[in-house]
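Beneath this line is the structure, given in structure tokens, with notes to follow.
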Amino acid sequence: MLEARLEQAQILKKVVEAIKDLVQDCNFDCNDAGIQLQAMDNSHVALVSMKLGSEGFSPYRCDRNIALGINLNSLMKVLRAAANEDLLTLKAEDQPDSLNLLFESSSQDRLSEYDIKLMDIDQEHLGIPDTEYAATITLPSAEFQRICRDLSALSESVSIEANKDGVKFACSGDIGNGSVTLRPHTNVEDEDKSTKIELTEPVNLTFSLKYLVNFCKASSLSATVRLCLSNEVPLLVEYQMGAGYLRFYLAPKIGD
Amino acid sequence: MSSQRSISSFFTPV
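Taken in sequence, the protein lines are chains Y and W. Using my numbering, the first residue of the first sequence is number 558, and each one after it goes up by one. Using my numbering, the first residue of the second sequence is number 142, and each one after it goes up by one.
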């Protein structure tokens, strides 16, 4: 059986909130290492990969591999009933029909219990190769969100060009064009506000802004976001969580 | 116009 307690319900709330518009139904794969999820969006342009390691739970127990097939909208309806600071315990049998969720207020004076029905989901699992990316950019997640939001007002697509001088996000649309260039800098008072660019070769790729704006819903999970790019391969957008990560892969656009 | 690639053309099923 699975029994996993999170110190703060908000971690799972934020994960589900961030991905529920990309993915409707998916399996939460539970094993002794933790809980993982991998799913493509309906149009097969983006891939979501999430891991909450067992060390992020206390206690964590999972005797055998269990796939929890969940409708994310249903899960979100239940998770909205949890306060951010509530303790959240997930429980399921070895061959479960439902997932049990227990919310305990931090003052322990309220217990809420919900069961949601599970579904059989036949999901294709994709192998993601280890990639040495040509450019890795770490920047404040709020900054990335703002860039995507601002440029999406002008265009459907953004080109991301990284070279030794910095990283340039540029777009052009019917009303005109725009760009934002970030240069590496270190904020000595707050490391999370720094922009770091590691580059082995220049890259220039074009992506759909609609998806990037969607990924940015994960911004509340982490103060920083990591963008990994190589020419001709999907962009990796990664938000680190305490004991895991939420990763989005986005296929590039090609041609003009 | 640019065309959107599919993610499954980069990552193969396991």
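C-beta atoms are modelled at their ideal positions from N, C-alpha and C, and glycine is treated no differently. These figures come from a predicted structure and were not determined experimentally.
For R804 of chain Y, name the three-state secondary structure that DSSP assigns.
Taking the first residue of the first sequence as position 1, residue 804 of chain Y is located at position 247. Here R804 of chain Y sits in strand by DSSP.
Check for me: the beta strand (DSSP E) holding A649 of chain Y runs from which residue to which?
Along the first sequence, read from residue 1 onward, the residue named residue 649 of chain Y stands at position 92. Where A649 of chain Y is concerned, the enclosing beta strand (DSSP E) stretches over 644–649.
Cross-strand partners of A603 of chain Y (DSSP beta bridge):
By 1-based counting over the first sequence, the position of residue 603 of chain Y is 46. In the DSSP output, where bridge partners are listed per residue, A603 of chain Y has Y:L807.
Hey, is Y671 of chain Y's beta-carbon within less than 8 Å of any beta-carbon in chain W?
Translated into positions along the first sequence, residue 671 of chain Y becomes position 114. Output row for Y671 of chain Y: interface = no.
For S765 of chain Y, go through chain W and note every residue whose CB falls closer than 7 Å to its CB, in chain order.
Walking along the first sequence from the start, residue 765 of chain Y turns up at place 208. Correct list: Q145.
Cβ-based contacts, 8 Å cut-off: residues of the region 793–812 of chain Y near chain W
Taking 8 Å as the Cβ-Cβ cut-off, the region 793–812 of chain Y approaches chain W at Y806, L807, A808, P809, K810, I811, G812, given in chain order.
So what's R783 of chain Y in DSSP terms, helix, strand or just coil?
Working through the first sequence from its first residue, we reach residue 783 of chain Y at position 226. Of the three classes helix, strand and coil, the one that applies to R783 of chain Y here is strand, per DSSP.
Reducing DSSP to helix, strand and coil, say where M633 of chain Y ends up.
Working through the first sequence from its first residue, we reach residue 633 of chain Y at position 76. Three-state DSSP puts M633 of chain Y in a helix.
Return helix, strand or coil for R703 of chain Y, following the three-state DSSP convention.
Along the first sequence, one-based indexing puts residue 703 of chain Y at 146. Reduced to three states, the DSSP call for R703 of chain Y is helix.
With a 10 Å radius around its C-beta and 16 neighbouring C-beta atoms as the bar for buried, classify D598 of chain Y as buried or exposed.
Position 41 of the first sequence, counted from the start, is the residue given in the question as residue 598 of chain Y. Counting Cβ neighbours within 10 Å, D598 of chain Y comes out buried, since at least 16 surround it.
If the cut is a Cβ gap below 9 Å, which residues of chain W does I732 of chain Y touch?
Walking along the first sequence from the start, residue 732 of chain Y turns up at place 175. None at all; the shortest Cβ gap to chain W is about 18 Å.
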